[in-house]
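>
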Amino acid sequence: MKEPIVIGVVGCGYWGPNLVRNFKGLPNCHLKAMCDISEARLKHMRSLYSDVEGMTDFEHLLNGVGLDAVVVAAPVKHHYSLAKASLLSGKHTLIEKPMASSSAECEELIEIAERNGLVLMVGHTFLYSAPVRRITEIVQAGDVGEIRYINSRRLNLGLFQKDINVAWDLAPHDISIILHILGELPLVVNCQGNA
Numbered sequence: 014m015k016e017p018i019v020i021g022v023v024g025c026g027y028w029g030p031n032l033v034r035n036f037k038g039l040p041n042c043h044l045k046a047m048c049d050i051s052e053a054r055l056k057h058m059r060s061l062y063s064d065v066e067g068m069t070d071f072e073h074l075l076n077g078v079g080l081d082a083v084v085v086a087a088p089v090k091h092h093y094s095l096a097k098a099s100l101l102s103g104k105h106t107l108i109e110k111p112m113a114s115s116s117a118e119c120e121e122l123i124e125i126a127e128r129n130g131l132v133l134m135v136g137h138t139f140l141y142s143a144p145v146r147r148i149t150e151i152v153q154a155g156d157v158g159e160i161r162y163i164n165s166r167r168l169n170l171g172l173f174q175k176d177i178n179v180a181w182d183l184a185p186h187d188i189s190i191i192l193h194i195l196g197e198l199p200l201v202v203n204c205q206g207n208a
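Per my numbering, the very first residue in the sequence shown carries number 14; after that it's consecutive.
#1: Around the Cβ of Tyr162, are there at least 16 other Cβ atoms within 10 angstroms (buried) or fewer (exposed)?
#2: Kindly indicate which residue of Val201, Gln205, Glu197, Val33 has the alpha-carbon position closest to the one of Ala184.
#3: With a cut-off of 8 angstroms on the beta carbons, I'd call Val83 and Gly21 a contact; round off their distance for me.
#4: Is Val85 near the ligand MN, judged by its Cβ being under 8 angstroms from some heavy atom?
#5: Consult DSSP for Ile18 and reduce its assignment to one of helix, strand or coil.
#6: So the beta strand (DSSP E) His91 belongs to, where does it begin and stop?
#7: Would you decide whether Glu120 is buried or exposed? Buried here means 16 or more other CB atoms lie within 10 Å of its CB.
#8: Tell me Thr106's beta-bridge partners as DSSP assigns them.
#9: Is it buried or exposed for Met134, if we count other Cβ within 10 angstroms and need 16 for buried?
#10: In terms of alpha-carbon separation, which member of Ile18, Gly79, His105 lies closest to Cys42?
#11: For Thr106, count neighbouring Cβ atoms within 10 angstroms of its own Cβ and tell me buried if that reaches 16, exposed if not.
#12: Can you tell me which of Val33, Ile123, Tyr27, Arg59 puts its alpha carbon nearest to the alpha carbon of Ser99?
#13: May I ask which residues mark the beginning and end of the beta strand (DSSP E) holding Leu44?
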C-alpha cells in the first residue's frame, strides 16, 4: 500500500478546522501538524485532535515535523508569503481561495512550483461537489450542445473578509466552476456588481 501523504495545516480560524476534520478522515492522508498564531485556537483544536501536533512556529511546521505538503488556510493577506515559504521548503501546497492578493503573486507561486516540480493547488471545493461533477459530465458529453453564454449569480456571501475585496474573495468559486465545466477559456467576459 502507498504511504499516506503527511500534511500540516496552517490557519485554524474560519476554514482551517473544516480542513483538519476532512484530512483526518482521509485514509491516504496523515495529518501531522496544525499551526496558528493563536494559542487559544490551537488549544481548542488539540482538544478535538489530540494526536495532531499543534504549534505557533510556522518555520518549525515547514522544517521540523517531516511534512510532504502544507495547507494554507490563513487570512488572504498571508496566503502568498506562507505558500511561497512552503514551496521554497520543498512542500506541495494547497492554498484556500483566493490563491493570493494579486495576479503577480499568483504567477510567482506557479513559477516556483513548476521550477521545483511541486504540486500547487487552490481549494476550489465546488469542483468536487456532486452537482458540478454532474453538470460537467452533461456538458462534456455534448448533451446541451455548444455553450454560448453562462450567467452566474452569487447568492451566499459567506464570511465578510476584511483583507480582500468581494470580487477577489468570491468570484474564484464561480470562475473555477465555469472554467472547469467548459474546459476552455471564454472569449468574452462581462461583469457587474452592486450592493
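Beta carbons: idealized from backbone N, C-alpha and C, even for Gly.
Result, derived from the coordinates:
#1: Classification for Tyr162: exposed.
#2: Checked all of Val201, Gln205, Glu197, Val33; the closest Cα to Ala184 is Gln205.
#3: Rounded to whole angstroms, the Cβ separation of Val83 and Gly21 is 5 angstroms, and the two are in contact under 8 angstroms.
#4: With respect to the ligand MN, the structure offers nothing, as it holds no ligand at all.
#5: Here DSSP, grouped into helix, strand and coil, assigns Ile18 to strand.
#6: Boundaries for His91: no beta strand (DSSP E) harbours it, and the DSSP string shows neither H nor E there.
#7: Exposed, because fewer than 16 other Cβ atoms sit within 10 Å of the Cβ of Glu120.
#8: DSSP, once it has assigned bridges, lists Val83, Leu133 as partnering Thr106.
#9: Per the 10 Å Cβ criterion, exposed.
#10: Just measuring C-alpha positions, the residue of Ile18, Gly79, His105 sitting nearest Cys42 is Ile18.
#11: Looking at its Cβ environment, which holds 16 or more other Cβ atoms inside 10 Å, Thr106 is buried.
#12: Residue nearest to Ser99 within the set Val33, Ile123, Tyr27, Arg59 is Ile123 (criterion: CA-CA distance).
#13: In the DSSP annotation of this structure, the continuous segment of the beta strand (DSSP E) that includes Leu44 starts and ends at 42-48.
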